[in-house]
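Some notes on the structure that comes next.
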Amino acid sequence: HQGHFSWEKYLKETGSQPAPPHCFRQSCSPPSNDYKIGMKLEAQDPRNTTSTCIASVVGLTGARLRLRLDGSDNKNDFWRLVDSSEIQPIGTCEKSGGMLQPPLGFRLNASSWPMFLLKTLNGAEMAPAKIFHKEPPSPPQNHFEMGMKLEAVDRKNPHFICPATIGEVRGSEILVTFDGWRGAFDYWCRYDSRDIFPVGWCSLTGDNLQPPGTKVAIPKSPLPAAGIATSMMRGPKTMLPAIPGHRRQKPGRKKGQLPKALIQQ
Ligand code: MLZ
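Reminder that position 187 of the sequence shown reads as 190 in the numbering used here, one-by-one numbering, no gaps.
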């Protein structure tokens with residue numbers, strides 16, 4: 004479900020603009036998700052990207068699949084778009100002369116891999132080639148601008164897609180900042196990352212869009228007059244960028260020691 008978050012209201016409230024769809028490496032109409040739980044396919048091992056492994060679909064969310072590598076544990080699931088270039092039908096690897104590899108952290112002895120593979124594939128429901136989609140091409144250049152809104156995968160909690168803002172643009176790189184989280188989940192990525200989507204993507208695919216966080220934003224320099232109040236709300240752990248000409252702490256107190264009033268209870 005979409006919670007009660009409405010982009011329309013939020014854009015008005017924040018006086019902001021969505022990043023136009025041509026900024027993104029996503030198809031303008033999201034690809035259909037015709038996968039079923041239990042289907043098997045080939046996927047790059049995210050922890051060892053030179054290996055192609057067998058993966059099972061363990062969940063479906065919007066245009067994404069929750070995947071688990073066969074022979075791995077249930078602690079390393081990962082999410083891929085149905086039009087990801089990192090997934091392919093079973094048999095693709097062999098056709099191109101490659102060999103399927105055990106996942107990193109294969110739970111059995113390496114010598115039992117060939118038999119494990121045989122048993123895994125025997126009678127398995129293989130995802131049919133026709134439900135795979137071609138990856139869309141990359142836009143020819145970075146069209147993002149600071150302040151534009153988007154939906155982005157939270158890479159620390161990759162099952163979440165959240166409202167985000169472009170915080171900075173540097174050549175082909177963009178800073179994805181998560182609204183209401185004080186920078187804790189922000190990351191830099193290329194403009195053509197598959198982890199970012201235009202506003203409205205989740206409502207089209209039926210994926211869950213998380214509401215923005217409720218933490219106060221870190222104000223950009225110069226420091227506001229209400230500096231004391233906002234630094235208390237920040238709590239003691241947040242790292243602030245150094246602002247030339249401003250001391251982070253009063254002289255006389257040792258580094259790492261916080262005034263009692265600022266220690267979170
Ligand atoms: N339970 C976690 C999830 C935070 C998700 C933030 N996404 C941008 C927390 O509260 O830390």
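For each residue, glycine too, the CB sits at the ideal point set by N, CA and C.
**Study point:** Sequence-distant residues of the same chain with beta carbon closer than 6 Å to GLY170, five excluded per side
**Key:** Only residues of its own chain outside the window of five on either side were considered, and among them LEU178 and THR180 have a CB closer than 6 Å to the CB of GLY170, listed in chain order.
Point to revise | Neighbourhood of GLY183 by C-beta distance below 7 Å, restricted to the same chain and skipping five residues each side | key: PRO215, GLY216, THR217 and LYS218
Practice item. To the nearest angstrom, report how far apart LEU265 and GLN213 are at their CA atoms. Key: In this prediction, LEU265 scores a pLDDT of 35, lower than 50, which makes its location untrustworthy; the coordinate-derived value is nonetheless stated afterwards. Pairing LEU265 with GLN213, the inter-Cα distance amounts to about 30 Å.
Practice item. Take ASP157 and list the residues in its own chain whose beta-carbon comes closer than 6 Å to its own, dropping the five residues that flank it on each side. Key: PHE163, CYS165 and PHE188
Check your understanding: Taking the Cβ atom as the reference point for each residue, do CYS26 and PHE147 lie within a distance shorter than 8 Å?
Key -> yes
Review point. Is it right to say THR168 is buried, meaning 16 or more other beta carbons lie within 10 angstroms of its own, or is it exposed?
Key: buried
Point to revise | heavy atom of the ligand ADP below 7 Å from ASN211 C-beta | key: Of the ligands one can find in the structure shown, namely the ligand MLZ, none is the ligand ADP.
Exercise for review: State buried or exposed for ARG71, treating a residue as buried only when at least 16 other CB atoms are found within 10 Å of its CB.
Suggested key: Taking all protein chains in view, the Cβ of ARG71 is crowded by 16 or more other Cβ atoms within 10 Å, so the residue is classified as buried.
Check your understanding: Which word fits ALA58, buried or exposed, when buried means at least 16 other C-beta atoms lie within 10 angstroms of its C-beta?
Key -> By the neighbour-count criterion, in which a residue is buried when 16 or more other Cβ atoms sit within 10 angstroms of its Cβ, ALA58 is buried.
Practice item. Return helix, strand or coil for THR217, following the three-state DSSP convention. Key: Taken through DSSP and simplified to helix, strand or coil, THR217 comes out as coil.
Check your understanding: Does the region 33-42 come close enough to the region 115-134 to have 3 or more Cβ pairs within less than 8 Å?
Key -> Yes: at least three Cβ pairs fall under 8 Å.
Review point. Would you say ASP81 touches the ligand MLZ, meaning its beta carbon is less than 7 Å from a heavy atom?
Key: Strictly speaking, residue 81 in this sequence is Phe, with Asp absent from that position. The answer is no for PHE81.
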